[in-house]
Amino acid sequence: MFDLMPFEHRARNLSNLFDAMERSFFSDLAPAGAAEIRTDIRDTGDSYLLEAELPGFKKEEIRLDLNGDTLTISAKHENTTEEKGDNGYLRRERRYGAFARSFDVSGIKTEGITASYENGVLTLELPKAVPTRPVSRQIELK
């Protein structure tokens with residue numbers, strides 16, 4: 001009978017109940033997109049157009065790495081604001097952020113990838129690789 005039940009139903013205990021409650025409670029408090037790079041990918045015929053939202057990042061803080069058939073977009077920034085006010089008050093705010101996302105580019109002509117960044121949107125043009133077809137020929141018998 002246990003084999004027919006989904007795995008998550010078998011592992012119900014008090015610890016998992018509190019974990020689920022914490023996830024549901026605090027998930028609403030996290031800012032939208034806090035832990036991910038939101039992307040849109042369009043097929044334009046001979047290429048794909050990838051648009052990744054990276055608001056608040058400078059061009060110098062974005063890195064694109066190609067390792068084999070994996071393209072990784074990563075962005076990291078550190079921002080510190082310090083302000084001295086009256087009565088000995090000091091305000092110092094820090095904001096750190098690091099994001100990364102990887103994509104499979106096995107069907108892409110990697111040497112033709114182009115990238116631009118404007119108004120918080122990273123745009124990559126990923127040209128499709130031309131599929132190789134086996135050459136057909138007749139073999140002569142000797």
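Each residue of the sequence shown is one higher than the one before, counting from 1 in full-length UniProt numbering.
All C-beta atoms, glycine included, are put in the ideal place defined by N, C-alpha and C.
Neighbourhood of residue i by C-beta distance below 8 Å, restricted to the same chain and skipping five residues each side
i, result
"THR114", "LEU124 and GLU125"
"ASP46", "PRO127 and LYS128"
"VAL130", "LYS109"
Euclidean distance between Cα positions of residue i and residue j
i, j, result
"LEU29", "ASN79", "Residue confidence for LEU29 is low, a pLDDT of 44 falling below 50, so the modelled location carries little weight; the figure read from the coordinates is stated next. Their backbone Cα atoms lie some 22 Å apart in a straight line."
"ARG42", "TYR96", "31 Å"
"ILE62", "LYS84", "31 Å"
"GLY120", "LYS59", "9 Å"
"ASP40", "GLU53", "9 Å"
"SER74", "PRO55", "13 Å"
"ALA98", "LYS76", "4 Å"
"PHE103", "ARG133", "25 Å"
"GLY68", "GLY107", "12 Å"
"TYR48", "ARG137", "34 Å"
"LYS142", "LEU64", "55 Å"
Strand pairing of residue i, partner residues [DSSP]
i, result
"VAL121", "GLU53 and GLU118"
"LEU126", "TYR48"
"THR81", "GLU93"
"THR110", "DSSP lists no partner for THR110."
7 Å Cβ shell around residue i - same chain, five flanking residues per side excluded
i, result
"LEU90", "LYS84"
"GLY112", "PRO127"
"LEU66", "THR110"
"TYR117", "LYS59 and ILE62"
Residue environment, residue i, which counts as buried when at least 16 other CB atoms sit within 10 Å
i, result
"LEU122", "buried"
"ILE139", "exposed"
"VAL135", "exposed"
Among the options, nearest to residue i - alpha-carbon criterion
i, options, result
"ILE37", "GLY45, LEU50 and LEU141", "LEU50"
"ALA100", "THR81, LEU71 and ILE108", "LEU71"
"ARG94", "ASN67, GLU82 and PHE103", "GLU82"
Contacting residues, own chain, Cβ-Cβ under 6 Å from residue i (five flanking each side not counted)
i, result
"THR44", "none"
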